[in-house]
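Residue numbers (our numbering): 1327 to 1565. All residues carry an ideal CB built from backbone N, CA and C; glycine is no exception. None of the values given here were measured: they were computed from a predicted structure. Single-structure report; data block below.
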Ligand SMILES: [Mg+2]
């Protein structure tokens, strides 16, 4: 278990998917709609292409090729036997647009309180995502600045490549030593933090010796922010 000393943090950088909202719940809801669509079309083509896209994105995160943005569509097209334009259109429809109205219902409890509490304590709140994040944040009713995505023209790199996190540090003027990356994956969010010399806090049910962890946004690790009057002398532990 590791503590977070909030007095030494000026910037909290949040991952989006699986961190701010329940990504499994959203996936189940979207799968229902995809199956209805497949039944109506009598084709699992869309499902297959989206599954191939997800797998390609995972591989690209491991491989870290330059210019992954084009490659994510062309490689998926190669695997799925379709055109890159079709992949792009389906991803835009099924992974970016259609989930938006469902997001608010999947938002994790207390995340809005935590954002407010961080700002009330004078800390900046930023977002770093491997997917476009601005529309999702608006749908979640959350505000962050800056919002940086792997697909931004000036970033062009997936986690754990530190380009996006370094851009956030530069834009906020906060040194790495006073920033905290909050995410849900050790191999992406903690790894990107470590690459940039930033501390990490990971949402997981399994405590991990390498990193501070939490399960919910009202866990003891956040209490000094959520209930500041209780902070003096309080022992703050994560996990
Ligand atoms: Mg995530």
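Contact defined as beta carbons within less than 8 angstroms: I believe residue i pairs with residue j. What is the distance between those atoms, to the nearest angstrom?
i: residue 1474; j: residue 1495; result: In fact, because the Cβ distance is near 10 angstroms, the residues do not count as touching under 8 angstroms.
i: residue 1485; j: residue 1442; result: That pair is no contact at about 26 angstroms.
i: residue 1444; j: residue 1551; result: 6 angstroms
i: residue 1491; j: residue 1451; result: Contact doesn't hold; Cβ gap of about 14 angstroms is too wide.
i: residue 1341; j: residue 1482; result: Their Cβ separation, rounded to whole angstroms, is 18 angstroms, which puts residue 1341 and residue 1482 out of contact at 8 angstroms.
For the beta strand (DSSP E) that contains residue i, what are its first and last residues?
i: residue 1535; result: Residue 1535 -> no beta strand (DSSP E), and no H or E assigned at all.
i: residue 1450; result: 1450–1455
i: residue 1335; result: Element bounds for residue 1335: n/a, residue is neither H nor E.
i: residue 1508; result: 1505–1509
i: residue 1474; result: 1473–1475
Using 10 angstroms around the beta-carbon of residue i, count the other beta-carbons present and answer buried if the total reaches 16, otherwise exposed.
i: residue 1362; result: exposed
i: residue 1337; result: buried
i: residue 1345; result: buried
i: residue 1423; result: exposed
i: residue 1354; result: exposed
i: residue 1487; result: buried
i: residue 1357; result: exposed
i: residue 1505; result: buried
Candidates the options: which alpha carbon is nearest residue i's?
i: residue 1331; options: 1534, 1418, 1503 and 1520; result: 1503
i: residue 1480; options: 1392, 1341, 1429 and 1358; result: 1392
i: residue 1428; options: 1439, 1367, 1463 and 1500; result: 1463
i: residue 1438; options: 1371, 1365, 1347 and 1478; result: 1347
If you follow the alpha helix (DSSP H) that residue i is part of, which residue opens it and which one closes it?
i: residue 1529; result: Residue 1529 -> not in any alpha helix (DSSP H); beta strand (DSSP E) instead, spanning 1525–1529.
Exercise for review: Could you name the residues whose beta carbon sits closer than 7 angstroms to any heavy atom belonging to ligand 1, keeping them in chain order?
Suggested key: That gives 1341, 1342, 1343, 1344, 1345, 1349, 1509, 1510, 1511, 1514 and 1515.
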